[in-house]
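Asks:
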Amino acid sequence: MQSASDRHEYPAHWEADVVLRDGGTARIRPITVDDADRLVSFYEQVSDESKYYRFFAPYPRLSAKDVHRFTHHDFVDRVGLAATVGGEFIATVRYDRIGADGMPASSPADEAEVAFLVQDAHQGRGVASALLEHIGAVARERGIRRFAAEVLPANVKMIKVFTDAGYTQKRSFEDGVVRLEFDLEPTDRSLAVQYAREQRAESRSVQRLLAPGSVAVVGVGRTPGGVGRSVLTNIRDYGFTGRLYAVNKAFPEGQKELGGIPAHRSVRDIDGPVDLAVVAVPAEHVPEVVADCGAHGVQGLVVLSAGYAESGPDGRERQRELVRHARAYGMRIIGPNAFGIINTSADVRLNASLAPEAPRPGRIGLFAQSGAIGIALLSRLHRRGGGVTGVTGVSTFVSSGNRADVSGNDVLQYWYEDPDTDVVLMYLESIGNPRKFTRLARRTAAAKPLVVVQGAGTAPQGHAVRATRLPHATVSALLRQAGVIRVDTITELVDTGLLLARQPLPAGPRVAILGNSESLGLLTYDACVAEDLRPTHPLDLTTAATPEDFHAALARALADDSCDAVVVTAIPAVGEGIAEASGPAGSTGDAALAEALRSAAERVPGKPVLVVHVELGGLAEALSAATSTAPQAATGPAAIRADHPFRALDRLRAVPAPEEPPAPENAPRLIPAYPAAERAVKALADAVQYAQWRREAAEPGKVPESIDAAIDEKGAAALIDGLLTRGQGLTLAAEDTCELLGKYGVQVHRALPASTPDAAVAAARTLGYPVALKATAPHLRHRADLGGVRLDLADEEQLRRAYAELAEFFGTPDELRPVVQGMAPRGVDTVIRAVIDPAAGAVLTFGLAGAASQLLGDTGHRLIPVTDREAASLVRSIRTAPLLFGWRGSAPVDTPALEELLLRVSRLVDDHPEVVAVTLEPVVVAQRGLSVLGASVRLAPPPARDDLGPRTLPAY
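Heads up: the sequence shown begins at 369 in the working numbering, then just goes up one per residue.
1. Residue 404 and residue 453 - do their beta-carbons sit closer together than 8 Å?
2. So what's residue 1133 in DSSP terms, helix, strand or just coil?
3. Mind checking residue 431: buried by the 16 CB within 10 Å criterion, or exposed?
4. Measuring only the C-alpha atoms, how far is residue 927 from residue 892?
5. For residue 801 and residue 561, what's the separation of their Cα atoms in angstroms?
6. What residues in its chain sit with their C-beta under 7 Å from that of residue 775, if we drop five residues either side in the sequence?
7. Which residue comes first and which comes last in the beta strand (DSSP E) that contains residue 1231?
8. Secondary structure at residue 490, three-state DSSP: helix, strand or coil?
9. Could you pull out every residue in the same chain whose Cβ sits closer than 6 Å to the Cβ of residue 886, ignoring the five residues on either side in sequence?
10. With C-beta atoms as the reference, is residue 1305 less than 8 Å away from residue 1286?
11. So the beta strand (DSSP E) residue 732 belongs to, where does it begin and stop?
12. Would you mind sorting residue 381 into buried or exposed? The rule is 16 or more other CB atoms within 10 Å of its CB.
13. Within its chain, find whatever has a CB closer than 6 Å to the CB of residue 1214; leave out the 5 residues flanking it on each side and keep chain order.
14. Tell me whether the beta-carbon of residue 729 lies closer than 8 Å to the beta-carbon of residue 746.
15. Let's see if you can read the secondary structure: which residues bound the beta strand (DSSP E) around residue 1185?
16. For the stretch 1260-1267 against the stretch 1071-1083, do three or more pairs of beta-carbon atoms, one drawn from each stretch, fall closer than 8 Å, so that the two count as touching?
17. What's the C-alpha gap between residue 897 and residue 903?
18. May I ask you to list the residues that DSSP assigns as paired with residue 472?
19. Quick check on DSSP: helix, strand or coil for residue 946?
20. Taking Cβ positions, are residue 618 and residue 572 nearer each other than 8 Å?
21. With DSSP run on the structure shown, which of helix, strand or coil describes residue 649?
22. Who are residue 516's beta bridge partners in DSSP?
23. Tell me the rounded alpha-carbon separation between residue 748 and residue 780.
24. What do you get for residue 724, buried or exposed, if any count of 16 or more other CB atoms within 10 angstroms of its CB means buried?
25. Should residue 895 and residue 797 be called a contact, given that it needs their Cβ atoms to be closer than 8 Å?
26. Can you tell me where the beta strand (DSSP E) holding residue 981 begins and where it ends?
27. Buried or exposed for residue 1209, going by 16 or more other Cβ atoms inside 10 Å?
28. First and last residue of the beta strand (DSSP E) that includes residue 710?
29. Kindly examine the ligand ATP and report whether one of its heavy atoms sits closer than 7 Å to the Cβ of residue 775.
30. Do the CB positions of residue 546 and residue 521 come within less than 8 Å of each other?
31. Here's a check: name, in chain order, each residue in its chain whose Cβ is nearer than 7 Å to the Cβ of residue 719, leaving out the five neighbours to either side.
32. Please determine, among 692, 764, 772, 1122, the residue with the shortest C-alpha to C-alpha distance to residue 706.
33. Label residue 488 either buried or exposed according to how many other C-beta atoms from any shown protein chain fall within 10 Å of its C-beta, with 16 as the threshold for buried.
34. Taking Cβ positions, are residue 853 and residue 1054 nearer each other than 8 Å?
35. In the DSSP assignment, what residue or residues form a beta bridge with residue 1169?
36. Please name the residue in 612, 645, 647 whose C-alpha comes closest to that of residue 630.
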């Protein structure tokens, strides 16, 4: 696409799709010689005022020389980028490298002039801000460290683009022009600005999908039945507050409506805007629908159609083309192969899904990648009985299907600030970008609970997932550290979600247990102990207990300052009076007990209360119904239509959407009831751990300034640059490893090679006795259990004898690779590792050395950078941590020194992304101080770090 004189080929990796401030999308790409006509057309649509601001003079049209200059770039010293929608330019940005005299220059000059031009119709959409992020990343890649821009004082919008970006900058005013200069190195403030803009844009893009003013269902059958007709009926019957249209190109020419809904042969024929299109046509017809929607200005698509990546290679390519086609028009996609979306807000009332039951309004946000799991979750939250108390609704529901575009990350951005969502439940079969998900989860969990079931093993065929070298358990551990409540089953997802939606967070792990069954109380006690809670001995009220007895016992337990939560156990009462009062269904007695528990819980609203019931389905209903904060079921539920596409679910009841408004915020909380003690206690334990995480997150740790004194960041950078000239990826030699680690205050115990017995003796004399003799061959390294290490060699005789033994048992010196090392103080052997994973980012790992820890997987993990609080928790996170703190009478070791070492390794990897792997093994932690006896470092060109780069959507 460029002429032969250009210095670099077309940089395709600069192409990116971005979400703009209003939720629409645009494509950013380099400008080439083929864009001359587009550039002229773009410029003709820019106002005279905007042209004046760009060129500081009236400039009605571009000359041929201008067009040539603005379309011919070398992609090094001269670069131009364009933002496009529908293939046409809506904005441009360019930089020209300049020298100290302000004239055009080449490398090593590291400054460039930058200038923007945005079409007036697209100003205010955040286009310039997105372009600045991308042109800044391009400039850094080409060795440019600073931008300069000259702006007229009246061009307030462009000045704001630069000043709001968060970069370190200088401003001057001369000859009637404002000159801005700013460094391109990301700062904490620039990253914060970027993340805030990302959140607003992605949240808005999801809001446009979930709260449309008008919806067109494309692929509506002319007769009842089928996916399209079912979705149309669901939207209509749920009471959608906006405009609804039925679309099918097979409709007769004269047909104007279908069942009272306006009908059209194409989206293009609709008179008026369409915000959302629900697509339910065969995959081969979807491109035509996308083109029609794009031409009509539709903002987003929910694609229910199957036959995409889940069906194989051909479908995968079809899915890529679908995303590219939709994004070209600025549209976002949920799906394909999606189950639909739901928004229960009274202002929207949208049920664009295939759910067999109409969802109830509530305050739980629900995300499921699987349609089948989505059905199960909606049903469990909707229906009474069957275990946990039902009648708990959702605020919004998204089933993403193959999540080719909109993913769980996007929906998290929306729920983070959604006032109608208090708890987020997510079923994830895969995580496409764990690094971003962890960042968003940490922020969301600080504001509202986030409960996740994460599928293990291979991702479904339709999902694009980044390769990760980390085990599934490690990724799960990192999610928990980000505040995610990680559960294993959808049953636990609902159990925990209902507790968090209905009850306050516990202040601690102390649990009071009371009820009318001693055995059930003891089961609950044992379950609490198994979950590391601190239960009191169960209070047995006996089977003759009345509702008044339960009320009094619960009130006393809640008033006790040594209690953080209460679990009430209940079995059917024994006694003629109660049995008679209960009637055939036990409803009266159950209602009385529910009211007694509810009224007692109201007196101390700050402590959670859970109920474990056995064969008391009426109690579960009564607890949910008594002064409920959730709308109640309508009477006389209608049966599911016989033509519903999910025939296997015909036995479920379809309940019309309730008409009641949501309860006020100060309404009493519902008490969740569980059919098994283990389920209730597991949910409570999850809430306790999450509450503890919230308290700790409120006071984040820091990196102590004391470690900075021993860190030479610039010296390390210079050393790394020099070492990388030897190759693109290399494991450092021992001397280079020690030198680099030394720049960060990490001193490695010196080891000298011993290729012969005489060389070993010479090394020992240099180091001083006593010494250790070690075999460093890969199969023997760090395997003391195999006998490849001899310790405490006090003199030359012992050293020579040990050398002979190793040679006799394990082979020649060339096979052994022996080294001599001075003895370190005795202590506990540990291992510290850091690695940059392509999906999860930089991860710090800690554990005790030895085969047992490796076989049991007893290691802890933290995302880099770590704070002092995180380093301390990492040391204590492994099961064998007691060995560090004086287990069975042994002396405690110097854990503060260990935590400082973790901070130094974290800082090294965070400061220098070229350091892709660090291993310190073993690190012997003594009573005073520690010794790093072995170390290795691997360098490579820095991998892509999306969290530091410009905002982009996943590439297709």
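We treat Cβ as the ideally placed atom computed from N, Cα and C, and that holds for glycine. Fair warning: this is a prediction, and the values are worked out from it, not measured in the lab.
Replies: To lay it out plainly:
1. Against a cut-off of 8 Å, the Cβ pair of residue 404 and residue 453 comes out as no contact.
2. helix
3. exposed
4. 21 Å
5. 21 Å
6. 768, 800
7. 1227-1231
8. Helix at residue 490.
9. 908
10. yes
11. 729-736
12. By the neighbour-count definition (other C-beta atoms within 10 Å, threshold 16), residue 381 is an exposed residue.
13. 1200, 1228, 1242
14. no
15. Counting along the chain, residue 1185 falls outside any beta strand (DSSP E), and DSSP gives it neither H nor E.
16. no
17. 7 Å
18. 466
19. Low per-residue confidence applies at residue 946: pLDDT is 40, beneath 50, and the placement is therefore not dependable enough to give any value.
20. Against a cut-off of 8 Å, the Cβ pair of residue 572 and residue 618 comes out as no contact.
21. In the structure shown, the three-state DSSP call for residue 649 is coil.
22. 481, 549
23. 22 Å
24. The residue is buried, with at least 16 neighbouring Cβ atoms inside 10 Å.
25. In this structure, residue 895 lies away from residue 797, with their beta-carbon atoms at least 8 Å apart.
26. 977-981
27. buried
28. 708-711
29. The ligand ATP is not part of this structure, which contains no ligands at all.
30. yes
31. 602, 603, 606, 710, 726, 727
32. The candidate whose alpha carbon is nearest that of residue 706 is 772.
33. exposed
34. In this structure, residue 1054 lies closer than 8 Å to residue 853 by Cβ.
35. Looking at the DSSP assignment, residue 1169 forms no beta bridge with any residue, so it has no partner.
36. Per the Cα distances, 612.
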